[in-house]
Structure formats: structure tokens, C-alpha cells
Amino acid sequence: MENARNLPSGRYRHIGMWLPCRAGSHPKHAMDENRGFTLIELMITIAVMAILMSIAVPAFQSFVQNGRMAARANEVMAGLAYARSEAVKRAADVTVCASSDGSTCLGTWTQGWVVLDQAGNVLRTQDAMGGSATLDGTGTLVFSANGRMTNPGALTVLTLCPGVADIAGRTIEIEPSGRARVSTVACP
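Next comes the structure, spelled out in C-alpha cells:
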């Protein structure tokens with residue numbers, strides 16, 4: 689049996705048999721002849737990429753904005769759940785209210801909010817929404833020692849709007865039982 693170094697010229701071994709080959713048509717030589725792209729192939733590739741990007745970028749921006757709205761709604765929900773659990777744990781009223789300074793119940797919900805214990809001590813603060821997002825609502829939420837709201841009529845809905853067209857906002861509805869839920873809403 690001949691080894692690869694002693695092959696007769698013009699022949700190469702393929703799948704257990706000898707096949708004739710023309711000079712320059714060996715598979716190793718074929719790779720050397722076709723390197724790179726033509727200008728037309730490159731232009732077509734760039735055109736296809738441009739079309740795909742023009743479709744993908746707006747959809748991705750919408751996806752990111754919806755994710756931000758969901759995250760902001762989850763922050764508010766976490767704060768409400770924290771206040772409710774602290775009220776039960778402390779067996780005392782806990783207040784959630786809009787706050788511009790992080791220590792008193794003065795300001796708008798968009799400026800931030802604060803969780804206070806019965807003595808008025810700050811338990812948790814949330815900074816302003818940032819960007820063009822708004823959080824609207826009026827009044828103060830007070831959770832009692834059993835986790836229920838003590839003033840269910842004062843504030844039952846907070847509305848979170850992104851400030852960006854074509855992105856759904858969120859409403860946070862607080863039931864008299866103290867449970868909160870999120871749903872989507874069209875913002876003006």
C-alpha cells in the first residue's frame with residue numbers, strides 16, 4: 689500500500705480508491721482560487737442588513753420600554769407589599785404616601801414615595817420616577833395591623849404612564865383587603 693507521500697502525480701486517494709485528477713484541480717488548489725467576496729455580493733449583504741435593522745430597531749426599542757414599565761410597576765408593588773407586611777409584623781399602622789423629600793408626605797407620586805411607621809419613622813423611600821414616566825394618584829395609603837387598608841376610599845388606584853407614545857401604562861389597584869394588582873392601561 690502506498691502512503692500519501694508516494695502517490696503518483698496526477699492522482700489522489702479518495703474513499704479507498706485512486707481517482708485521476710487534472711493539474712490544478714486538486715481540492716487544496718480549488719480553495720486558493722475562490723477567496724473573498726465580490727463587490728456585488730457585499731452590496732447585497734449590506735442592503736439586506738439595512739432592511740433587517742430598519743425592522744428590528746423600533747421593535748427592540750418598544751420591547752425595552754415595556755420592560756422598563758414592568759420594572760417600575762414591580763417597584764411600586766414591592767413597596768406596597770413591604771408596607772403591608774411591616775404593618776402585620778409590627779401590629780401597627782404603616783403609611784405609604786407621595787413624598788418629594790423622602791421623609792414627609794408632601795409632594796407627588798412621580799417625585800417619589802415613602803413608607804412610614806405609626807410613629808412617623810421612615811422605613812423605606814423610593815426616589816423619583818425619572819425620565820418622562822409619571823405615577824399619578826391622590827391621598828395616602830394606610831395598612832392596619834391585619835394587613836387591610838384603613839382608608840380604602842382615599843386611594844385605590846395608582847396610574848403609571850411611560851410618557852412615550854405607543855407604550856402601555858400600568859394601573860396598580862389596591863383592594864380594601866390590602867392586596868394590590870397590576871393591569872395594563874392606555875395612557876393619554
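Residue numbers (the numbering used here): 689 to 876. No residue lacks a Cβ here, since even glycine has one placed at the ideal position from N, Cα and C. These numbers come from a predicted model, not from an experiment.
Check: Status (buried if at least 16 other CB within 10 Å, exposed otherwise) for ARG778; Outcome: exposed
Check: Exposed unless 16 or more other CB atoms sit within 10 angstroms - verdict on SER648; Outcome: This structure does not reach residue 648, given that the chain is present from 689 up to 876, and the question cannot be answered.
Check: Beta-carbon proximity list for ARG836, same chain, < 8 Å, skipping 5 on both sides; Outcome: PRO864, SER865 and GLY866
Check: First and last residue of the uninterrupted alpha helix (DSSP H) at ARG772; Outcome: 727-778
Check: Closest Cα partner of ALA874 within the set ILE855, GLU861 and LEU823; Outcome: ILE855
Check: Euclidean distance between Cα positions of TRP801 and ASP781; Outcome: 17 Å
Check: DSSP state of THR847 mapped onto helix, strand, coil; Outcome: strand
Check: Where GLN799 falls: helix, strand or coil (DSSP); Outcome: helix
Check: Assigned secondary structure, GLY857 (DSSP; H/G/I helix, E/B strand, else coil); Outcome: strand
Check: Nearest candidate by alpha-carbon position, reference THR838, set TRP797, GLN806 and ASP789; Outcome: GLN806
Check: For GLU690, three-class secondary structure by DSSP; Outcome: The predicted position of GLU690 is uncertain, since its pLDDT is 49 and thus under 50; no value can be drawn from it.
Check: Chain-order list of residues whose beta-carbon lies under 8 Å from that of LEU829 (same chain, five-residue window excluded); Outcome: LEU768, ALA771, THR783, VAL784, CYS785, MET837, ASN839, ALA842, LEU843 and ILE862
Check: Selection from ARG812, CYS849 and GLY825 that minimises the alpha carbon distance to GLY818; Outcome: CYS849
Check: Inter-residue Cα distance where the pair is ARG723 and MET737; Outcome: 22 Å
Check: Beta-carbon spacing of VAL870, MET765 below 8 Å; Outcome: yes
Check: For THR847 and GLY825, believed in contact at Cβ under 8 Å, the rounded distance; Outcome: 7 Å
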